[in-house]
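Colleague: Numbering (our numbering), first residue to last: 4 to 325. Every residue, glycine too, gets a C-beta built ideally from N, C-alpha and C. Because the structure is a prediction, the values reported are computed rather than measured.
1. Which of the three DSSP states is assigned to residue 201 in this structure?
2. Under a Cβ-count criterion, where at least 16 other Cβ atoms within 10 Å of its own Cβ denotes burial, should residue 66 be classed as buried or exposed?
3. Kindly list the residues whose CB is nearer than 6 Å to the CB of residue 54, restricted to its own chain and excluding five residues on each side of it in sequence; keep chain order.
4. Secondary structure at residue 300, three-state DSSP: helix, strand or coil?
5. Reducing DSSP to helix, strand and coil, say where residue 310 ends up.
6. Tell me, please, whether the CB atom of residue 301 is closer than 7 Å to any CB atom in chain C?
7. As a quick exercise: from 232, 314, 75, pick the residue whose alpha carbon is nearest that of residue 205.
8. Three Cβ pairs or more, each shorter than 8 Å: is that satisfied between the stretch 203 to 218 and the stretch 171 to 187?
9. Using DSSP with H/G/I as helix, E/B as strand and the rest coil, what is residue 187?
10. Apart from the five residues just before and just after residue 299, which ones in its own chain have a Cβ nearer than 6 Å to its Cβ?
11. Short of 6 Å in beta carbon distance, which residues of its chain neighbour residue 188, apart from the five on each side in sequence? Order them along the chain.
12. Start and end of the beta strand (DSSP E) containing residue 123?
13. With a threshold of 7 Å on Cβ separation, who are the neighbours of residue 312 within its own chain once the five nearest residues in sequence on each side are excluded?
14. Taking the DSSP output, what are the residues bridged to residue 80?
15. If you measure between the beta carbons of residue 131 and residue 168, is that distance less than 7 Å?
16. If we ignore side chains and look at the alpha-carbon of each, how far apart do residue 138 and residue 122 end up?
17. I think residue 113 touches residue 151, with their Cβ atoms under 8 Å apart; what is that distance to the nearest whole Å?
18. For residue 242, which three-state DSSP category applies?
19. Could you check which residue in 288, 293, 203, 261 has the C-alpha nearest to that of residue 64?
20. Which residues in the same chain as residue 203 place their Cβ atom closer than 7 Å to its Cβ, once the five residues preceding and following it in sequence are excluded?
21. Straight-line CA distance for residue 155 to residue 282?
22. Taking just the CA atoms, how far does residue 77 sit from residue 259?
23. Looking only at its own chain, which residues have a Cβ that is under 8 Å from the Cβ of residue 248, when we skip the five neighbours before and after it?
24. Would you mind stating whether residue 74 and residue 58 have Cβ atoms separated by less than 7 Å?
25. My output table needs one value for residue 109: the three-state DSSP class, helix, strand or coil.
26. What are the start and end residues of the beta strand (DSSP E) that includes residue 283?
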């Protein structure tokens with residue numbers, strides 16, 4: 004009787020060991036899968052530059068300046084530190100919304116610092132971007148979200164946001180140095196005028212302009228970046244200085260997939276020449292920060308003989324790798 008109990012106990016113990024070993028392997032596999040966490044590229048107000056086969060991404064995130072990330076495929080990105088550091092430029096805080104353009108072999112960064120629009124120059128897209136004369140582009144007024152547009156005739160313009168009755172998009176001509184605003188040419192472009200933009204508060208910002216088949220297309224963002232209803236609208240004009248007309252079907256992108264707080268976009272061409280758009284979204288439905296960078300496709304749909312801009316709701320989630 005005692006021997007039988009021992010045998011049964013040994014048999015049960017063996018079975019238990021086998022079971023635990025098996026479940027341990029499965030558990031280990033499951034734990035391994037659980038630990039695989041994808042890190043998002045933590046950029047708000049993102050911008051992407053394609054240069055010599057490499058994508059460079061910049062945006063709002065660091066306290067001490069503007070970070071730069073690189074990628075070969077738009078999916079996996081590597082951080083290279085600060086392309087612009089506060090010690091090299093005017094102001095020492097609130098570095099936002101950079102855009103970078105290659106002009107005559109130099110790289111120009113248009114960005115916001117302490118709620119003033121600024122421009123800095125570097126020899127490389129990795130930086131360091133510096134100001135020879137540390138000052139904002141307009142000293143006497145707070146402005147944000149500057150964006151460069153160079154027309155087919157080579158004439159440069161700058162779009163930016165002024166704080167009058169909310170956030171509104173304006174445009175001005177630039178001098179040939181690409182750094183000096185002709186203040187006498189400043190003109191209003193768009194202001195809050197559609198119901199979807201009025202959730203909270205009065206904001207039109209984050210503009211980007213391109214020209215397609217002779218027509219100027221402006222993407223912009225409505226509502227506060229803190230709102231889940233932050234979205235992207237489109238306006239068009241036959242003259243770069245306006246008048247601009249918003250799409251009645253705006254927003255052309257809002258809450259795609261599982262994202263919310265989508266906006267402050269910029270467009271670029273990928274390695275195959277396809278038109279892309281980069282924008283940010285909230286971290287998740289409960290948290291705004293750190294915002295993540297997402298990349299979509301832009302296309303045009305013929306409506307009544309006119310090309311209407313569309314944004315595909317599918318997107319690439321930019322992943323940060325070591």
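Modeller: So, to answer that:
1. Counting from one through the chain shown, the residue named residue 201 turns up at place 198. Of the three classes helix, strand and coil, the one that applies to residue 201 here is helix, per DSSP.
2. The residue given as residue 66 occupies position 63 in the chain shown. It is exposed - the Cβ of residue 66 has fewer than 16 other Cβ atoms within 10 Å.
3. Residue 54 sits at position 51 when you count from the first residue of the chain shown. Excluding sequence neighbours, residue 54 sits near 128.
4. Counted from its first residue, the chain shown places residue 300 at position 297. Per DSSP, reduced to three states, the secondary structure at residue 300 is strand.
5. Translated into the one-based positions of the chain shown, residue 310 becomes position 307. Here DSSP, grouped into helix, strand and coil, assigns residue 310 to strand.
6. Checking the listed chains, one finds no chain C in this structure; it contains a single protein chain.
7. The residue labelled residue 205 in the question sits at position 202 within the chain shown. That would be 232, whose Cα lies nearest to the Cα of residue 205.
8. The stretch 203 to 218 vs the stretch 171 to 187: in contact.
9. Stepping through the chain shown from its first residue, residue 187 is reached at position 184. For residue 187, the three-state secondary structure derived from DSSP is helix.
10. If you number the chain shown from 1, residue 299 lands on position 296. 280, 314, 315, 318, listed in sequence order.
11. Sequence index remark: in the chain shown, residue 188 carries index 185 (1-based). Same-chain partners within the cutoff: 175, 176.
12. Along the chain shown, one-based indexing puts residue 123 at 120. Judged by DSSP secondary structure, residue 123 falls within the beta strand (DSSP E) whose first and last residues are 119 to 125.
13. Taking the chain shown and counting its residues from 1, one reaches residue 312 at position 309. Here residue 312 has 220, 237, 255, 301, 303 as same chain residues with Cβ atoms under 7 Å from its own Cβ, once five neighbours each way along the sequence are excluded.
14. Your numbering for residue 80 matches position 77 in the chain shown. Secondary-structure assignment with DSSP links residue 80 through a beta bridge to 323.
15. Taking the chain shown and counting its residues from 1, one reaches residue 131 at position 128. Taking the chain shown and counting its residues from 1, one reaches residue 168 at position 165. Contact: no.
16. Here residue 138 is taken as the residue at index 135 of the chain shown, counted from 1. Here residue 122 is taken as the residue at index 119 of the chain shown, counted from 1. Roughly 9 Å separates the two Cα atoms.
17. Working through the chain shown from its first residue, we reach residue 113 at position 110. Working through the chain shown from its first residue, we reach residue 151 at position 148. That belief holds up - the Cβ atoms of residue 113 and residue 151 are roughly 6 Å apart, short of 8 Å.
18. Sequence index remark: in the chain shown, residue 242 carries index 239 (1-based). Note: residue 242 maps to coil in three-state DSSP.
19. Indexing the chain shown from 1 puts residue 64 at position 61. Ranked by Cα distance from residue 64, the first of 288, 293, 203, 261 is 293.
20. Translated into the one-based positions of the chain shown, residue 203 becomes position 200. If we look at residue 203 and ignore the five residues flanking it on each side, its Cβ neighbours are 226, 227, 230.
21. Working through the chain shown from its first residue, we reach residue 155 at position 152. Working through the chain shown from its first residue, we reach residue 282 at position 279. The straight-line gap from Cα to Cα measures roughly 26 Å.
22. The count along the chain shown starts at 1 and reaches residue 259 at position 256. The count along the chain shown starts at 1 and reaches residue 77 at position 74. Cα to Cα, the separation comes out at about 19 Å.
23. The sequence position of residue 248 within the chain shown is 245, counting from 1. Apart from the 5 residues on each side of it in sequence, residue 248 sits with its Cβ closer than 8 Å to the Cβ of 238, 239, 240 in its chain, given in chain order.
24. On the chain shown, residue 74 is found 71 positions in, with the first residue counted as 1. On the chain shown, residue 58 is found 55 positions in, with the first residue counted as 1. Yes, these two residues count as a Cβ contact at 7 Å.
25. Here residue 109 is taken as the residue at index 106 of the chain shown, counted from 1. For residue 109, the secondary structure class from DSSP, reduced to helix, strand or coil, is strand.
26. For the purposes of this step, residue 283 is taken as residue 280 along the chain shown, with counting starting at 1. Looking at the DSSP string, the run of the beta strand (DSSP E) that includes residue 283 is 278 to 284.
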